[in-house]
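Undergrad: Chains as they are written, first to last, in UniProt numbering: chain A, 1 to 263; chain B, 1 to 263.
Idealized CB from N, CA, C, for every residue including glycine.
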DNA sequence: ATCTTGGTTTCATTTAGTGGAACCAGTTTC
DNA sequence: GAAACTGGTTCCACTAAATGAAACCAAGAT
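This is the structure we're talking about:
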């Protein structure tokens, strides 16, 4: 089995534990029996049971009476709606992404950093229609995606170290930078370069160019990327997008500064 | 053992309280100051403070250091992704909705019931492109929407009573059924009718026809609706969709029965 | 009919949550 | 320039809530 330990979240209090359970259920990716959960959990039966009970009648977990399984609850969808509108860059960035999308005709990703991991908050694909939550909310590794590297490279020293230590450094492809040292070197490169490239590091044949979105004070607030495949493009081809990508990232940053939420 | 637990008011344990806070923040619809939250809360300063702290470093709330405001956190988006894929009807229903959408050329909604409220989990609009989370995750009232009425009408007695008591019965329009009695009568009607109509009860000029999605055992698992406006359609016009709507609802129910999650 | 397996409940013990009050900046007011 | 606010953070005795070992229950399996 693949016993890969995730970076631990300082489980403060009961609330922390409850949320940890929630994460576990979510990670299964399918409805789970109580027993399975118990096996994967530190907690004794009774404790886990009560925790799950609480989450369930709070609507954070949904319980399928017929199949006796638990899954992340719909209340989350409701809350995420609010989160997405308020905390994510997506609403602000939308017009710019639309423009960029039609200008370059390639897939666009908008992502933010969540504890060292890449969280995609929006996506535009020239050809296919958008796929709702199946795209937004998706997560990916920080160390081998263009957006991930672009963001981590521009973090402050402290935050960057933290992010680096959260990486799993699994070699998805022969091109993956799978060691901390190689990764650090790449980050330096990216900082001087201004943009990050994904040279088939995550998926074979998939390449991208990515730029960070930085606030006026230099804080990393997200990243933007143009993705393509080796069939359609070369790395040099992507370089041609450098200018428009940086411009768009800048536009989004500006727009984010004086973003007022609709009453 | 009597199943009588009247005093519930979303108050089980610390976890319940924390989630309540989360809801409150989400309800603001914009970043909030600690003070504002305090004013809207029952809890004393210190308690609220700690709760908010916990939620924040759990990633359930995000804190804008510059503006000193809280908003629902990105961790929710990640969790919701899982919830949407697993607990919602959307992934199963997608192909059917697509088909229905292109067949009727009107707006389609897919919704589920969450504590008496309507939670939209997917939407198809013939003309406009999809709008990610800005649509999925949206909530609406149960008593004055087609999907809401269709679902509540087909609940079991106990659950239906519960749902009815959760309704606010605010008269959004002159046509809103704003009393419990009128609502009950309408529900009876809907049960014999098989479909529910929204006759400008929520928004002026907006009408819809809706069918519940029922499991083989008769449990309500969601609802489907075709929405239009008085400009484009009449109620009679919508009636023409009755058959295809019921058919689609049925297809979705069938598909949901033997839905296996992708490993 | 008895043994497992998987889920639920009890209850004395322990731990974590609570909240009144004090404390600290920064701002405003006098 | 001191004094009174305002908004946020920390203390700590008190209390309510979480804990978990063990008992219990309901099916299926043997």
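(1) For a cutoff of 8 angstroms on Cβ pairs, would you count residue 151 of chain B as touching chain A?
(2) Relative to chain A, which residues along the segment 186 to 199 of chain B have a C-beta separation below 7 angstroms, given in chain order?
(3) Should residue 138 of chain B be flagged as near chain A, meaning a C-beta pair shorter than 8 angstroms?
(4) Beta carbons nearer than 8 angstroms to chain A: which residues of the segment 95 to 124 of chain B have them?
(5) List, in order along the chain, the chain B residues whose C-beta lies closer than 7 angstroms to that of residue 47 of chain A?
(6) Buried or exposed: residue 205 of chain A, going by 16 or more other Cβ atoms within 10 Å of its Cβ?
(7) Rounded to whole angstroms, what's the CA-CA distance from residue 174 of chain B to residue 202 of chain B? Just pull it up for me.
(8) Note down, one range per segment and in chain order, each beta strand (DSSP E) of at least 3 residues found wholly within the segment 181 to 253 of chain B.
(9) For residue 65 of chain B, which three-state DSSP category applies?
(10) Does any residue of chain A bring its CB to less than 8 angstroms from the CB of residue 26 of chain B?
(11) How many angstroms separate the CA atom of residue 266 of chain B from the CA atom of residue 34 of chain B?
(12) Using a Cβ-Cβ cutoff of less than 6 angstroms, which residues in the same chain neighbour residue 71 of chain B once the five nearest sequence positions on both sides are dropped?
(13) Any C-beta of chain A within less than 9 angstroms: which residues of the segment 155 to 187 of chain B qualify?
(14) For residue 125 of chain B, which of B:143, B:118, B:98, B:139 has the nearest alpha-carbon?
(15) If we ignore side chains and look at the alpha-carbon of each, how far apart do residue 22 of chain B and residue 60 of chain B end up?
(16) What residue range is occupied by the uninterrupted beta strand (DSSP E) comprising residue 112 of chain B?
(17) Taking the DSSP output, what are the residues bridged to residue 71 of chain B?
(18) Quick check on residue 212 of chain A - is its C-beta less than 8 angstroms from some C-beta in chain B?
(19) Which bits of chain A does residue 202 of chain B rub up against, with CB to CB less than 8 angstroms?
(20) Measuring CB atoms only, is the segment 144 to 158 of chain B touching the segment 219 to 232 of chain B, in the sense that at least three cross pairs come out at less than 8 angstroms?
(21) Got a sec: is the Cβ-Cβ distance from residue 89 of chain A to anything in chain B below 8 angstroms?
(22) Spell out the partners DSSP gives residue 29 of chain A in its beta bridges.
(23) According to DSSP, is residue 7 of chain A part of a helix, a strand, or is it coil?
(24) Taking beta-carbon pairs under 7 angstroms, can you tell me which members of the segment 74 to 86 of chain A lie near chain B?
(25) Using only alpha-carbon positions, find the residue among B:216, B:247, B:246 that is nearest to residue 256 of chain B.
(26) Please tell me whether residue 100 of chain B and residue 108 of chain B are closer than 8 angstroms, where the distance is taken between their beta carbons.
(27) Quick one: residues in its chain with C-beta nearer than 8 angstroms to the C-beta of residue 38 of chain B, no 5 flanking neighbours on either side, listed in chain order?
(28) Spatial neighbours of residue 187 of chain A within its chain, please: CB distance less than 6 angstroms, with the 5 preceding and 5 following residues excluded, ordered by chain position.
(29) Helix or strand or just coil, what does DSSP make of residue 86 of chain B?
(30) Taking just the CA atoms, how far does residue 74 of chain A sit from residue 233 of chain A?
(31) Could you tell me how far apart the beta carbons of residue 171 of chain B and residue 178 of chain B are, in whole angstroms, since I believe they sit closer than 8 angstroms?
(32) If you measure from the beta carbon of residue 134 of chain B to each beta carbon in chain A, is any gap under 8 angstroms?
(33) Would DSSP call residue 35 of chain A helix, strand or coil?
(34) Just checking: is the beta-carbon of residue 243 of chain A within a distance shorter than 8 angstroms of some beta-carbon in chain B?
(35) Consult DSSP for residue 123 of chain B and reduce its assignment to one of helix, strand or coil.
(36) Closer than 8 angstroms by beta-carbon distance: list the chain B residues that pair up with residue 22 of chain A, in chain order.
TA: Let me spell this out:
(1) Locating residue 151 of chain B in the second chain gives position 151, counting from the first residue. It does not; no Cβ of chain A falls within 8 angstroms.
(2) none
(3) Taking the second chain and counting its residues from 1, one reaches residue 138 of chain B at position 138. Chain A contact via Cβ: present.
(4) 112, 114, 115, 119, 121, 122
(5) The count along the first chain starts at 1 and reaches residue 47 of chain A at position 47. Chain B residues near residue 47 of chain A: none, gap ~12 angstroms exceeds 7 angstroms.
(6) Mapped onto the first chain, residue 205 of chain A falls at position 205. Result: exposed.
(7) Here residue 174 of chain B refers to the residue found at position 174 when the second chain is read from its first residue. Here residue 202 of chain B refers to the residue found at position 202 when the second chain is read from its first residue. Rounded to whole angstroms, residue 174 of chain B to residue 202 of chain B spans 9 angstroms at the Cα level.
(8) 196 to 199, 206 to 214, 220 to 229
(9) The residue labelled residue 65 of chain B in the question sits at position 65 within the second chain. In this structure, residue 65 of chain B counts as coil in the three-state DSSP scheme.
(10) Counted from its first residue, the second chain places residue 26 of chain B at position 26. Judged by the 8 angstroms Cβ criterion, residue 26 of chain B is in contact with chain A.
(11) The requested residue 266 of chain B is not part of the displayed model; chain B covers only 1 to 263.
(12) The residue given as residue 71 of chain B occupies position 71 in the second chain. Contacts found: 31, 62.
(13) none
(14) As a first step, residue 125 of chain B is located in the second chain; it is residue number 125 there, counting from the start. Nearest C-alpha to residue 125 of chain B: B:98.
(15) Walking along the second chain from the start, residue 22 of chain B turns up at place 22. Walking along the second chain from the start, residue 60 of chain B turns up at place 60. Cα to Cα, residue 22 of chain B sits roughly 8 angstroms from residue 60 of chain B.
(16) Counting from one through the second chain, the residue named residue 112 of chain B turns up at place 112. Start and end: 107 to 114.
(17) Translated into positions along the second chain, residue 71 of chain B becomes position 71. The partner list for residue 71 of chain B (beta bridge, DSSP) reads B:62.
(18) Taking the first residue of the first chain as position 1, residue 212 of chain A is located at position 212. It does not; no Cβ of chain B falls within 8 angstroms.
(19) Residue numbering aside, residue 202 of chain B sits at position 202 when the second chain is read from its first letter. Simply none; closest approach about 18 angstroms.
(20) yes
(21) Your numbering for residue 89 of chain A matches position 89 in the first chain. No, no contact with chain B.
(22) Against the first chain, residue 29 of chain A aligns to sequence position 29. According to DSSP, which records beta bridges pairwise, residue 29 of chain A is partnered with nothing at all.
(23) Numbered from 1 along the first chain, position 7 holds the residue referred to as residue 7 of chain A. At residue 7 of chain A, the pLDDT of 39 sits below 50, so the modelled position is not reliable and the matter cannot be decided from this model.
(24) 74, 75, 76, 77, 78, 79, 80, 81, 82, 83, 84, 85, 86
(25) For this step, residue 256 of chain B is matched to residue 256 along the second chain. It is B:216 whose Cα lies nearest to the Cα of residue 256 of chain B.
(26) Counted from its first residue, the second chain places residue 100 of chain B at position 100. Counted from its first residue, the second chain places residue 108 of chain B at position 108. The answer is yes: Cβ separation under 8 angstroms.
(27) Within the second chain, residue 38 of chain B is the residue found at index 38, counting from 1. Here the set comprises 45, 48.
(28) As a first step, residue 187 of chain A must be located in the first chain, where it is residue number 187. Closer than 6 angstroms at the Cβ level, and outside the excluded window around residue 187 of chain A, lie 153.
(29) Within the second chain, the letter at position 86 stands for residue 86 of chain B. If DSSP states are grouped into helix, strand and coil, residue 86 of chain B belongs with the helices.
(30) To locate residue 233 of chain A, count along the first chain from 1; it is residue 233. To locate residue 74 of chain A, count along the first chain from 1; it is residue 74. If you take the alpha carbons of residue 233 of chain A and residue 74 of chain A, they lie about 40 angstroms apart.
(31) Working through the second chain from its first residue, we reach residue 171 of chain B at position 171. Working through the second chain from its first residue, we reach residue 178 of chain B at position 178. Indeed, because the Cβ distance is near 4 angstroms, the residues count as touching under 8 angstroms.
(32) The count along the second chain starts at 1 and reaches residue 134 of chain B at position 134. Interpretation of residue 134 of chain B is limited by its pLDDT of 48, a score under 50 that renders its predicted location unreliable; no figure is taken from the coordinates.
(33) Locating residue 35 of chain A in the first chain gives position 35, where the first residue counts as 1. Helix.
(34) Within the first chain, residue 243 of chain A is the residue found at index 243, counting from 1. No, residue 243 of chain A lies away from the interface with chain B (no Cβ there is under 8 angstroms from its Cβ).
(35) As a first step, residue 123 of chain B is located in the second chain; it is residue number 123 there, counting from the start. DSSP places residue 123 of chain B in strand when its eight states are reduced to three.
(36) Along the first chain, read from residue 1 onward, the residue named residue 22 of chain A stands at position 22. Residues of chain B passing the Cβ test: 79.
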